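Chains as they are written, first to last, in our numbering: chain F, 2 to 113; chain C, 56 to 170.
Every residue gets a Cβ at the ideal spot worked out from N, C-alpha and C, and that includes glycine.
Since the model is a prediction, treat every value here as computed from it, not as a measurement.
Take a look at the structure set out below.
Rendered as structure tokens:
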């Protein structure tokens, strides 16, 4: 069984705080790691697709890193804003095919 | 460029009826995926299709569930003789090519309630 684990399950921060959360995945047979942002009643929105060990990607105040040897990825949000409140999902492609295995997500709530 | 379109957004069926969920991928996308989110659970892969072909249906229940992506028209996820346990949100996604190098784009989901 291939498990993708995300922690913490939920997070409450104040506006302006920087925060980060973790995605852990089996490091064998790794092909790609996807991050999504999912607001209630909307479709999951793609943030990053990462494939190489040591990859770092950035989109505005959000960035992500990837360590394929130890099987983890971090997502960072700098200066959180209320509009960052959402569920952040990661998904791993563990074999060449098209079946993404999703974690349960981290729920972020940013208070103003 | 419209995103992935799913309909209906909400569907109520009585036990034993059939449910049909439709998904129109983004323009130019020939790869379609269906995922299911059961209450209190994450997104679970069901099936991956390319035009007229099922590529991977390893996540589909063996009975009552089927999926197709015809040459013309939307992809359809069909659930026959629905039971209460089928109540879930069903998400469709599409991509222009293989997942490893490509983002997949999700629709807003179809919520099935079985009463």
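Where residue i meets chain C, residues with beta-carbon distance less than 8 angstroms
| i | result |
| --- | --- |
| residue 65(F) | Simply none; closest approach about 14 angstroms. |
| residue 111(F) | Those within 8 angstroms of residue 111(F) in chain C number zero; the least Cβ separation is about 22 angstroms. |
Environment of residue i [buried if 16+ CB atoms lie within 10 Å]
| i | result |
| --- | --- |
| residue 42(F) | exposed |
| residue 65(C) | exposed |
| residue 86(C) | buried |
| residue 106(C) | exposed |
| residue 111(F) | buried |
| residue 38(F) | buried |
| residue 45(F) | buried |
| residue 74(C) | buried |
| residue 122(C) | buried |
| residue 2(F) | With a pLDDT of 44 at residue 2(F), under the threshold of 50, the modelled position of that residue is not reliable, and the figure given next carries that caveat. With fewer than 16 Cβ atoms within 10 Å of its Cβ, residue 2(F) is classed as exposed. |
| residue 34(F) | buried |
| residue 148(C) | buried |
| residue 57(C) | exposed |
| residue 91(C) | buried |
| residue 113(F) | exposed |
| residue 61(C) | buried |
| residue 15(F) | exposed |
| residue 138(C) | exposed |
| residue 96(C) | exposed |
| residue 109(F) | buried |
Segment limits, beta strand (DSSP E) that includes residue i
| i | result |
| --- | --- |
| residue 35(F) | 33-39 |
| residue 77(C) | 74-79 |
| residue 104(C) | 98-105 |
| residue 65(C) | 65-68 |
| residue 63(F) | 63-68 |
| residue 56(F) | From DSSP, residue 56(F) is part of no beta strand (DSSP E); its letter is neither H nor E. |
| residue 99(F) | Premise fails: residue 99(F) is in no beta strand (DSSP E) and is neither H nor E. |
| residue 133(C) | 130-134 |
| residue 124(C) | Segment: none, residue 124(C) is in no beta strand (DSSP E) and carries neither H nor E. |
| residue 111(C) | 108-111 |
| residue 84(C) | Counting along the chain, residue 84(C) falls outside any beta strand (DSSP E), and DSSP gives it neither H nor E. |
| residue 165(C) | 165-169 |
Where residue i meets chain C, residues with beta-carbon distance less than 7 angstroms
| i | result |
| --- | --- |
| residue 45(F) | 161 |
Beta-carbon neighbours of residue i, restricted to chain C and to distances below 9 angstroms
| i | result |
| --- | --- |
| residue 106(F) | 97 and 98 |
Closer than 8 angstroms at the beta carbon, the chain F residues around residue i
| i | result |
| --- | --- |
| residue 86(C) | 99 |
| residue 59(C) | 44 |
| residue 164(C) | 44 |
| residue 113(C) | 100 |
Chain-ordered chain F contacts of residue i [CB-CB under 9 angstroms]
| i | result |
| --- | --- |
| residue 168(C) | None at all; the shortest Cβ gap to chain F is about 16 angstroms. |
Neighbouring residues, chain F, relative to residue i (Cβ below 7 angstroms)
| i | result |
| --- | --- |
| residue 171(C) | Outside the modelled stretch of chain C, which goes from 56 to 170, sits residue 171(C), for which no answer is possible. |
Notebook entry, point to check: Quick one, which residues of the region 83-104 of chain F are near chain C if we go by CB-CB under 9 angstroms, in chain order?
Noted result: 90, 92, 94, 97, 98, 99, 100, 101, 102, 103 and 104
Item checked: Cβ contact check for the region 62-82 of chain C and the region 67-75 of chain F: 3 or more pairs under 8 angstroms -> no
Item checked: Cβ contact check for the region 18-28 of chain F and the region 122-136 of chain C: 3 or more pairs under 8 angstroms -> no
Notebook entry, point to check: Taking three-plus beta-carbon pairs below 8 angstroms as touching, is the region 99-118 of chain C in contact with the region 92-109 of chain F?
Noted result: yes
Checklist line | contact_flag[the region 81-95 of chain C, the region 73-91 of chain F] where n(CB pairs < 8 angstroms) is 3 or more | finding: Verdict: no, contact absent.
Next item on the list: Output, in sequence order along the chain, the residues in the region 12-24 of chain F whose CB is closer than 8 angstroms to any CB in chain C.
Entry: Listed in chain order, the positions of the region 12-24 of chain F with a beta carbon within less than 8 angstroms of a beta carbon of chain C would be empty, since no residue qualifies.
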